[in-house]
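Have a look at the structure below, then the notes.
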Amino acid sequence: MAIEENDFSPTVGTTMTKADLVDILFDRMGLSKREAKLLVDVFFDEIRSRLEHGSPVKLSGFGNFQLRDKPQRPGRNPKTGEEIAITARRVVTFHASAKLRDAVFAGFPAKSAN
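Residue numbers (UniProt numbering): 1 to 114.
See below:
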């Protein structure tokens with residue numbers, strides 16, 4: 001199965017959706033829409049399942065999804081100013097790989113310290 005060259009040039013500010021991924025697999029891989037949707041759904045279901053069971057997900061050249069436990073901390077109600085306790089919780093974090101960061105920031109000038 002051949003993969004066609006990516007000639008996609010996204011419009012600045014557009015958001016990619018699961019439906020867009022299905023369309024890309026349909027166009028570039030020759031999968032049927034049904035097969036492409038199934039592939040996308042299985043991919044995300046597997047990531048979700050691994051995270052639900054506490055396992056990190058490492059996608060080489062892309063990044064890592066990890067779980068992080070955040071402790072309870074003090075907070076403030078923005079409307080009333082009343083102090084409240086923000087409960088402890090578990091969150092999913094994503095850390096982009098160096099390869100992804102380099103690709104995303106290629107061609108962007110470095111910010112100056114000023």
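The beta carbon of each residue, even a glycine, is placed where N, CA and C say it ideally should be.
What's the gap between the Cα of residue i and the Cα of residue j?
i: N77; j: L67; result: 27 Å
i: I86; j: E52; result: 22 Å
i: T93; j: F105; result: 20 Å
i: A36; j: V22; result: 5 Å
i: R90; j: M16; result: 26 Å
i: A110; j: D102; result: 12 Å
i: D20; j: D69; result: 32 Å
i: T80; j: I47; result: 39 Å
i: H95; j: M29; result: 28 Å
i: F43; j: F108; result: 31 Å
i: F65; j: G54; result: 11 Å
In or out: residue i buried (at least 16 other Cβ within 10 Å) or exposed?
i: A88; result: exposed
i: L59; result: exposed
Bridge partners of residue i, per DSSP?
i: R28; result: Beta-bridge pairing links R28 to no other residue.
Just to confirm before moving on: does the CB-CB distance between residue i and residue j stay below 8 Å?
i: G61; j: L25; result: no
i: P74; j: E83; result: yes
| Ordered list of alpha helix (DSSP H) runs contained in the region 30-74, each at least 4 residues | 33-52
| task | Go through the region 82-112 residue by residue and report every complete run of the beta strand (DSSP E) that reaches 3 residues or more, in order. | result | 83-86 and 89-96
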